[in-house]
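Notes to accompany the following structure.
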Amino acid sequence: MAQMPEAFGSLRSRSTRPSVRGWAGLRVAFLGRVSTKDQQDPTLSLPRQLHNATAALPSGVRLVAHFYDVESGRKNLDARGFSRAHELFDIPVPRDGGIADLLAEAKGLSRRFDAVICESIERVARRTYYDTRVEHELEQAGVVLLAADEPMTLSRLRATTVLTRRVKQGVAEWYVLETLEKSWDGFCEHTAQGWNVGRPPYGYLPERIPHPVPARRAEGRTKHRLVPDPVRAPVVRQIFAWRIAERLGYAAIADRLNADLDRYPPPMHIDPRRRRDAWGRSSVREILVNPKYTGYMVWNRRGTKKGGAINHPDVWVWSAEPVHPPLVSQADFLAAAAVGVERFGSRSGNGANSAHPQTRRSYLLRGMVVCALCGRRMVGKSRAARGRPDALLYYVCEAPRNHADFTERYPEHPRGILLAERRLLAGINDFLNTRLLGPDRLALLTAEIDHAAVVEQDDRVARRAALQRTLADIATRQRRLLTTLETQDDLTGAVFSHVQQRIAELDVQRRAAQEALDELDAQDATVAAATPDLGLLGRVPLGRLDVADLPQATARRLLDALRLRIRYDRAANQAQAQITLDVETADALDSTIIRTDVPSEDRLHGGSAFSLPRCAPGGIRTHTVGGLSTVSLPLEYRGRQPRFADAGS
1 MAQMPEAFGS
11 LRSRSTRPSV
21 RGWAGLRVAF
31 LGRVSTKDQQ
41 DPTLSLPRQL
51 HNATAALPSG
61 VRLVAHFYDV
71 ESGRKNLDAR
81 GFSRAHELFD
91 IPVPRDGGIA
101 DLLAEAKGLS
111 RRFDAVICES
121 IERVARRTYY
131 DTRVEHELEQ
141 AGVVLLAADE
151 PMTLSRLRAT
161 TVLTRRVKQG
171 VAEWYVLETL
181 EKSWDGFCEH
191 TAQGWNVGRP
201 PYGYLPERIP
211 HPVPARRAEG
221 RTKHRLVPDP
231 VRAPVVRQIF
241 AWRIAERLGY
251 AAIADRLNAD
261 LDRYPPPMHI
271 DPRRRRDAWG
281 RSSVREILVN
291 PKYTGYMVWN
301 RRGTKKGGAI
311 NHPDVWVWSA
321 EPVHPPLVSQ
331 ADFLAAAAVG
341 VERFGSRSGN
351 GANSAHPQTR
361 RSYLLRGMVV
371 CALCGRRMVG
381 KSRAARGRPD
391 ALLYYVCEAP
401 RNHADFTERY
411 PEHPRGILLA
421 ERRLLAGIND
431 FLNTRLLGPD
441 RLALLTAEID
451 HAAVVEQDDR
461 VARRAALQRT
471 LADIATRQRR
481 LLTTLETQDD
491 LTGAVFSHVQ
501 QRIAELDVQR
511 RAAQEALDEL
521 DAQDATVAAA
531 TPDLGLLGRV
541 PLGRLDVADL
551 PQATARRLLD
561 ALRLRIRYDR
571 AANQAQAQIT
581 LDVETADALD
591 STIIRTDVPS
601 EDRLHGGSAF
611 SLPRCAPGGI
621 RTHTVGGLST
631 VSLPLEYRGR
641 QPRFADAGS
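Take 1 as the starting number for the sequence shown in full-length UniProt numbering and just add one per residue.
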């Protein structure tokens, strides 16, 4: 191809686009990358890349800059070039920056180079999209991207050259994806066999076993399973016990542990710089959310990206069955998880919130009263009452101001709902003294259980009849379709095709209805096998209790132990109270209530109220008694509308 005549050379000075006329005097920048600081040695890899890149350049080319990173080539391009991993090594290659600095300088007016060279195109990125994006951005800036293992040309692009590069980019991305896929499958099998990945969680020790591969075994490599730590395993059980029985938050549990570090040794961080020799909220939380304590091996809980954030449980990899000794039961682990959902955003402790500058008092039912309309916890407020020395206490649910989404989701929610504490306490006293402490409690609970059983049985019967009608209707329609095929001619095959498609659709519906019917039968068998145990309620001594007369700290501990939850429905002007009774709470009530004589009809098996087993055979330590779970408390006070005149009624 002929060159531009010298007479037209002045046109070059008018063009704003840089040009590359030949190899002589060409200024080139080196671009390198090492994937990981743990599996590769940058002190060897980067000098090798630089040697191969410079060896492929023709004579007369000047190497003027060095850009490289120690990071993954699969990261988003906007996140590339900011790693400081190269500072951990004494790399014998000068560094002018990373890929982000390279692109920024390429677009600037004071650029030092005319071309960029790398050992191979996958050193730019391991994703074809970002690879071609870097190439495009450099091309737009007038910079040529060269690779040492490709034909080099400074003239216009050749189709074969482009095809070669695109194939290499695709193969490079395929290779990484295939490697990740096989690595994932290997970790899944590793988990299924019960081997632990990483550091054993607090409360366990590694049971090291020589590596099954002879070459790695010769290097001293091992694999390990988990065995309980005799010193720290009891600490894990104690943390779960506090969480379940007393509904304590992470900070409250950490304070208890820090009060006796000899008995509750804190976890030791592998990084000495982050070691604090004390319990913290995060260390307590890590124990309470780790399912490995149930005996199952679980992998992929934390991602390798985004700072090791917790992955969604749907992508966790579990062993098919428990593979190491559990420190807590599955029931206790789920109960502790439910506490976190229930008390999210609520602090532990009975005193006023010292962290909030406007706090003047504490409220007895803080965090226990929920608005039925929106599901949010109602907050305590006080109002000065005319002619009364003490303030009137309320629980309020206020709609957020200027929050259109809240109004759309809860159109029936008024601007504010007020509920007087003194009215609520009267209903709670009646509930506890009748259903929990009264002489007729067993009869009331038995009647309610029987009523609930009848309602549930009627519902199951109605659902079974509906499913059976659905199955019969589907069978009838399928027979009609078959009759259509038998009685009508179908020369083109169109009728057969449509009928076949419709039969397949009906068969999907039939299988779904049959599965629902089988599940209902399984529920019937479970309900028939379940026998409610009333022994835990009978364990509670008889007597009377006035929550308002107790010191607030004592009353708060009692209601927390009972796990009192109140759901207030303003439209029906009713509150539903729910308590959960366990053995520890039943024993603690003995010193809280006013004792009365135990009537003979309240004694089970001819013994005293305290001669009952601590739990049902095969049951767990904590039971929620069905008859106590939902009891309506009529409230005379209908709440206070804005600007209501009588705030104390």
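In this text, a Cβ means the ideal position worked out from N, Cα and C, and glycines have one as well. Here the structure is a predicted model, which is why all the values come from computation and not from measurement.
- In terms of Cβ geometry, A172 and R133 do not form a close pair [threshold 8 angstroms].
- Contact annotation: the segment 76 to 88 does not touch the segment 51 to 66, with fewer than three C-beta pairs closer than 8 angstroms.
- With 16 or more neighbouring CB atoms inside 10 Å of its own CB, Q49 falls in the buried class.
- Between R123 and L31, the C-beta gap is smaller than 8 angstroms, which places the two residues in contact.
- Beta-bridge annotation (DSSP): A65 is paired with A29.
- Of Y395, I566, Y394 and A337, the smallest CA-CA separation from R243 is found for A337.
- W299 has V317 as its beta-bridge partners, per DSSP.
- Around the beta carbon of E515, fewer than 16 other beta carbons sit within 10 angstroms, so the residue counts as exposed.
- Bounds of the beta strand (DSSP E) holding V370 are V369 to C371.
- In this structure, T476 keeps its C-beta atom at 8 angstroms or more from the C-beta atom of A513.
- Distances from the CA of T222 to each of V231, E71, P230 and P212 were compared; the closest alpha carbon is that of P212.
- DSSP places K223 in the uninterrupted beta strand (DSSP E) bounded by T222 to P228.
- Contact annotation, L564 with A548: C-beta distance approximately 14 angstroms; criterion of less than 8 angstroms not satisfied.
- The residue among D131, P92 and Y204 with its C-alpha nearest the C-alpha of M268 is Y204.
- The continuous beta strand (DSSP E) containing Y568 extends over residues R565 to D569.
- Here Y202 has R232, V236, P267 and I287 as same chain residues with Cβ atoms under 7 angstroms from its own Cβ, once five neighbours each way along the sequence are excluded.
- For G380, the enclosing beta strand (DSSP E) has its first and last residue at V379 to R383.
- In the three-state DSSP reduction, L562 falls in the helix class (H, G or I).
- Residue burial annotation: Y264 is buried, with at least 16 other C-beta atoms found within 10 angstroms of its C-beta.
- Excluding sequence positions up to five before and after N433, its CB lies within less than 8 angstroms of the CB of R544 and L545, all in the same chain and listed in chain order.
- Assignment of E150 by DSSP, reduced to helix, strand and coil, places it in the coil class.
- If you draw a straight line from the Cα of E486 to the Cα of Q501, it is about 16 angstroms long.
- The way I'd put it, the segment 96 to 109 does touch the segment 71 to 81; three or more beta-carbon pairs between them come closer than 8 angstroms.
- A check of alpha carbon separations from H190 across V396, W318 and L393 identifies W318 as the nearest.
- Rounded to whole angstroms, the gap between the alpha carbons of V315 and R301 is 8 angstroms.
- V396: member of the beta strand (DSSP E) spanning L392 to E398, first to last residue.
- By the Cβ rule, the segment 436 to 443 does not count as touching the segment 408 to 420, because fewer than three pairs are nearer than 8 angstroms.
- Selection D41, G22 and L46 evaluated against R62 yields G22 as nearest (Cα-Cα).
- With a contact defined as Cβ atoms closer than 8 angstroms, D582 and A245 qualify at about 7 angstroms.
- Residue environment: P42 is assigned as buried (16 or more neighbouring CB atoms within 10 Å of its CB, all protein chains considered).
- If the five residues before and after V298 are omitted, its C-beta is found closer than 6 angstroms to the C-beta atoms of P291, K292, W316 and W318, all from its own chain and listed in chain order.
- One alpha carbon belongs to C374, the other to Y410, and they sit about 7 angstroms apart.
- Take S283, set aside five residues on each side of it, and the residues of its chain with a beta-carbon closer than 6 angstroms to its own are P267, in chain order.
- When Cβ pairs closer than 8 angstroms are counted between the two stretches, the segment 141 to 148 is seen to touch the segment 103 to 119, the count reaching three or more.
- If you look at Q576, you'll find it in the beta strand (DSSP E) that goes Q574 to Q578.
- Residue state for R415 is assigned as coil, using DSSP reduced to three classes.
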